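These protein sequence lines map, in sequence, to chains E and G.
Going by my numbering, the residue at position 64 of the first sequence is 64; the numbering climbs one at a time, nothing skipped.
Going by my numbering, the residue at position 41 of the second sequence is 189; the numbering climbs one at a time, nothing skipped.
Idealized CB from N, CA, C, for every residue including glycine.
Here the structure is a predicted model, which is why all the values come from computation and not from measurement.
Single-structure report; data block below.
There are 2 protein chains.
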Amino acid sequence: MLSTKDKQQPIFSISQAAVLLHISVHTLRMYEREGLIIPFQKKSKHRLYSKADLERLECIRNAINKMKISINGIKTMYSLIPCWDIIECSIEERKNCKSYNEHSKPCWTYAHQNNTCQKRNCRECEVYQKNAQCGQIKELIRSITRVK
Amino acid sequence: MLSTKDKQQPIFSISQAAVLLHISVHTLRMYEREGLIIPFQKKSKHRLYSKADLERLECIRNAINKMKISINGIKTMYSLIPCWDIIECSIEERKNCKSYNEHSKPCWTYAHQNNTCQKRNCRECEVYQKNAQCGQIKELIRSITRVK
DNA sequence: AATACTTGATATTTATAAATGTCAACTTTT
DNA sequence: AAAAGTTGACATTTATAAATATCAAGTATT
């Protein structure tokens, strides 16, 4: 069994990842351009993928090809992740946060300013990492349900 | 200003609705088959649409044609509506409810058994009606956030 | 220093979702 | 009772998202 840390280690090149996932390098870069994934970047701008990245990509593939959800659909789904509850940002921050107030793309695709997320590396953020498994969004929504 | 009740009155035939929305009758029936809408049904099986239905359909159209979210994407989004929190069903009911546990289609498309929803008319249910406006799902997710 | 791989940008192909068309039986309207 | 509208089922068209191809410049590997 792999530790969480091991799963996050960026070890596969883009072509290795492409082979493992049976897709093309182009497709991987497209998913990144769309904001579905954030591979590790070397200084040379070359990408590296972790096992967690591959797991996430399998969910994305499944959503697109089996569940027939469009890429924009997936982006919108990601925009529903209750990030504010995960990172516990302040009411004031929420008021000014596009990710809190809009619903078209994932929080990690915004250029956040004047809030906690500005200093965060989204690839390492729990909001991003928690959603590597399929069905995690609904799980999160269930878990934030307030007690009455 | 129309009252909520007025907006819910089923008054438009399918062809009238189609003209008002600039779409074909076929498309309206397709959205229904997919579980995106529940028009009122006369005993003769003829459909009638309310102003609220038209509003909902405009959101659906916008999602498909402007936001480029696929129909299956919209169904998945609807599956994230925190219905359990809106109707306040019991923990026991949640345990056995497909809508609570799965994430592929809206709660109103399940043939619910042995729970509160069995006796409900989904078209009249708050869960369905609350989601007539675009962006309502995120609004609901924000609103159920538990206090820490 | 030669070979293989990666980058981003633009263009093209292909797979298929969304929308329409057709039809015979039934319902509503005049 | 004739005309217009609606139903469901099946077939076809079209619009476009997803995937792939090409290329010249840069980086990594042996």
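*asked:* Comparing C-alpha positions only, which one of E:Val25, E:Ala52, E:Ile38, E:Thr27 sits nearest to leucine 2 of chain E?
replied: E:Ala52
*Cβ-based contacts, 9 angstroms cut-off: residues of the stretch 25–54 of chain E near chain G*: none
*Could you name the residues that DSSP lists as bridge partners for glutamine 189 of chain G?*
G:Arg195
_Check this for me: beta carbons of leucine 48 of chain E and phenylalanine 40 of chain E, under 8 angstroms apart or not?_
yes
*asked:* At the 8 angstroms Cβ level, is asparagine 269 of chain G part of the contact set with chain E, yes or no?
replied: no
*Span of the alpha helix (DSSP H) around glutamine 277 of chain G*: 274–278
*Is the beta carbon of cysteine 245 of chain G less than 8 angstroms from the beta carbon of asparagine 269 of chain G?*
no
*Please name the residue, chosen from E:Ile69, E:Ser44, E:Tyr128, that lies closest to lysine 253 of chain G on a Cα-to-Cα basis.*
E:Ile69
*Look at the alpha carbon of histidine 251 of chain G and the alpha carbon of glutamine 118 of chain E, and state the distance between them as a whole number of angstroms.*
32 angstroms
_When you compare the CB positions of glutamine 9 of chain E and serine 50 of chain E, do they come within less than 8 angstroms of one another, or not?_
yes
*For cysteine 125 of chain E, which of E:Ile141, E:Trp108, E:Phe12 has the nearest alpha-carbon?*
E:Trp108
*Answer yes or no: does any C-beta atom of chain E fall closer than 8 angstroms to that of arginine 204 of chain G?*
no
_Beta carbons nearer than 9 angstroms to chain G: which residues of the stretch 92–103 of chain E have them?_
Arg94, Tyr100, Asn101, Glu102, His103
_Using 8 angstroms as the threshold, is the C-beta distance between isoleucine 141 of chain E and proline 82 of chain E below it?_
yes
_Please report the distance separating the alpha-carbon of cysteine 62 of chain E from that of arginine 56 of chain E._
Note on identity: in this sequence residue 62 of chain E is asparagine, with cysteine being the wrong assignment. Computed Cα separation, rounded: 10 angstroms.
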